[in-house]
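Going down the list, the sequences are from chains A and B. Taking this note's numbering, the leading residue of the first sequence gets 17, the next gets one more, and so forth. Taking this note's numbering, the leading residue of the second sequence gets 199, the next gets one more, and so forth.
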Amino acid sequence: MYIVVVGAGKVGWNLARELIGKGNEVTLIESDRARYQVVEEELEHAVHYGDGSELWVLERAGIARADMVIAVTGDDEDNILICQVAREKYGVERVISRCNNPRNLQHFELLGVKPAVSATDLILRLIEHEVPKYGFLHLLDLPQERLEIIEIEVAEGSPAAGSQVQELGLPDGSLVISILRDGTGFVPLADSVIEAGDEVLLVLDTGLEQKIMERFRPPVEVS
Amino acid sequence: MFVLIVGCGRVGSAIARAMLAEGHEVSVIDEDPEALALLESGYTDTWEDQGGMFTVGTALEIDALIEAGIERADAFVASTDGDNTNLVIAQIAQRRFNIPRVVVRVLDPARAAWYAEQGLSTVSPTQKAIEMLELAVRENA
């Protein structure tokens with residue numbers, strides 16, 4: 017594959033090195049002269065000096081024949097613009113962008129720049145996986161479809177423990193799709209009984225997490 | 199007409215003052231609170247006393263744009279010092295807030311031309327300067 021990477025910061029430089037190591041042809045574009053010179057000592061002709069949001073710089077890098085463009089500068093507007101131009105002007109089929117400020121993800125989405133990768137979001141996602149106090153794991157997010165699949169552990173004394181699936185009183189827009197017990201999983205029926213310690217997989221409309229969690233947590237003790 | 203101007207440098211502030219003087223409602227956003235001085239220089243009244251609005255914020259901050267009144271803007275001017283910033287917020291103004299009149303300052307003639315083809319109303323001061331200088335050279339030859 018021929019890949020153009022814009023931005024030779026830590027992310028861009030390491031990415032370029034890895035992609036070259038995997039046998040791809042890569043051009044890395046960097047606009048800071050001093051940084052360019054440092055990177056050029058290692059990557060030589062694979063790195064170009066210039067502002068990667070300038071059309072002639074992208075053209076000099078051969079963007080028209082690129083299979084993929086990756087924009088990883090420290091500036092979200094630049095990344096959006098580079099990806100937009102790559103796809104819409106030069107017909108590059110695959111673009112990947114870095115989103116520095118997760119609040120800007122909505123702008124990437126609005127302008128059709130996807131996927132946009134946000135380190136902050138990735139770390140938050142990992143925290144959700146690693147820290148059990150949140151009570152559930154996000155297994156899959158489908159933001160476009162506004163759906164997600166989560167896994168919840170059934171706590172001792174919670175309303176769900178000992179209930180049949182049909183008695184759970186889950187809100188509309190949610191469905192139990194699987195129960196994991198003693199290392200195996202099964203797709204439950206309406207009268208399957210949920211036990212404390214089970215892990216339950218649910219598909220749900222985004223935003224229903226809190227309502228659903230109430231069914232799987234013990235009632236809050238009033239002190 | 200309610201005009202929202204993002205970027206209050208020499209260009210943005212001059213447009214803001216002209217529009218306000220003509221009797222339009224004008225709201226200005228800039229990330230630098232000191233930019234207000236450009237709107238007020240030469241006047242004894244403050245910008246707000248003259249009826250203008252000023253919000254401190256960066257162009258991509260939706261909260262700042264909303265506070266500045268983007269939801270009821272009839273016209274939007276993107277005049278920060280960053281071409282890419284201007285092109286991105288202009289598209290946000292157009293697509294998300296459906297503002298009928300959106301104008302964008304883009305220094306780079308190449309980007310200005312391509313985005314104009316995509317339906318954005320771009321103005322390239324560099325392109326204008328090229329044309330005028332070229333004309334001046336020919337006239338003097």
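Quick reminder that beta carbons are idealized off the backbone N, C-alpha and C, glycines included.
- Message: Counting C-beta neighbours from all protein chains within 10 Å, is the total for Thr242 (chain B) 16 or more, i.e. buried, or is it exposed?
- Response: Thr242 (chain B) sits exposed, since fewer than 16 C-beta atoms from the chains shown fall within 10 Å of its C-beta.
- Segment limits, beta strand (DSSP E) that includes Ala276 (chain B): Segment 273-276, the beta strand (DSSP E) holding Ala276 (chain B).
- Using a Cβ cut-off of 9 Å, which residues of the stretch 276-291 of chain B contact any Cβ in chain A, in chain order? Flagged, chain order: Gly280, Asp281, Asn282, Thr283, Asn284, Leu285, Val286, Ile287, Gln289, Ile290.
- Query: Can you name the start and end residues of the beta strand (DSSP E) that Asp228 (chain B) belongs to?
  - Reply: Run containing Asp228 (chain B): 223-228, per the beta strand (DSSP E) assignment.
- chain B contact for Lys38 (chain A) (CB, 8 Å cutoff): No, no contact with chain B.
- Message: Would you say Asn240 (chain A) lies against chain B (beta-carbon separation less than 8 Å)?
- Response: Because chain A in this structure spans residues 17 to 239, residue 240 (chain A) falls outside the shown range and cannot be described.
- Item | Bridge partner(s) assigned by DSSP for Leu158 (chain A) | Paired residues: A:Leu163.
- Query: Taking C-beta to C-beta, are Ser194 (chain A) and Pro234 (chain A) nearer than 8 Å?
  - Reply: Cβ distance not < 8 Å, so Ser194 (chain A) and Pro234 (chain A) don't count as in contact.
- Query: Per DSSP, what kind of secondary structure is Leu285 (chain B) in: helix, strand or coil?
  - Reply: Of the three classes helix, strand and coil, the one that applies to Leu285 (chain B) here is helix, per DSSP.
- Item | Nearest residue (CA-CA) to Asn296 (chain B), options B:Ser225, B:Ile268, B:Glu232, B:Thr253 | Sorting B:Ser225, B:Ile268, B:Glu232, B:Thr253 by C-alpha distance to the C-alpha of Asn296 (chain B) places B:Ile268 at the top.
- Query: Residues of chain B with a CB under 7 Å from the CB of Ile96 (chain A): which are they?
  - Reply: Neighbours of Ile96 (chain A) on chain B, chain order: Val286.
- Which of helix, strand or coil does DSSP assign to Val111 (chain A)? Here Val111 (chain A) sits in strand by DSSP.
- Task: List the residues of chain A that Trp312 (chain B) touches, going by C-beta distances under 8 Å, in chain order.
- Result: Taking the beta carbon of Trp312 (chain B) as reference, the chain A residues within 8 Å of it are Leu71, Val101, Lys105, listed in sequence order.
- Task: Return the chain-ordered list of same chain residues with a C-beta closer than 6 Å to the C-beta of Ser277 (chain B), the five sequence neighbours on each side being excluded.
- Result: Excluding residues within five positions, the ones whose Cβ falls inside 6 Å are Gly205, Val209, Gly210, Arg303.
- Could you tell me whether any Cβ in chain B is nearer than 8 Å to the Cβ of Leu74 (chain A)? No, Leu74 (chain A) lies away from the interface with chain B (no Cβ there is under 8 Å from its Cβ).
- Message: Looking at the strands, I want to know which residues DSSP matches up with Gln180 (chain A).
- Response: Beta-bridge pairing links Gln180 (chain A) to A:Val209.
- Check each residue of the stretch 36-70 of chain A: if its Cβ is closer than 7 Å to any Cβ of chain B, include it; give the result in chain order. Residues Ser69, Glu70.
- Taking C-alpha atoms, which residue in A:Pro187, A:Leu35, A:Asp67 lies nearest to Asp48 (chain A)? Among A:Pro187, A:Leu35, A:Asp67, the Cα nearest to that of Asp48 (chain A) is on A:Asp67.
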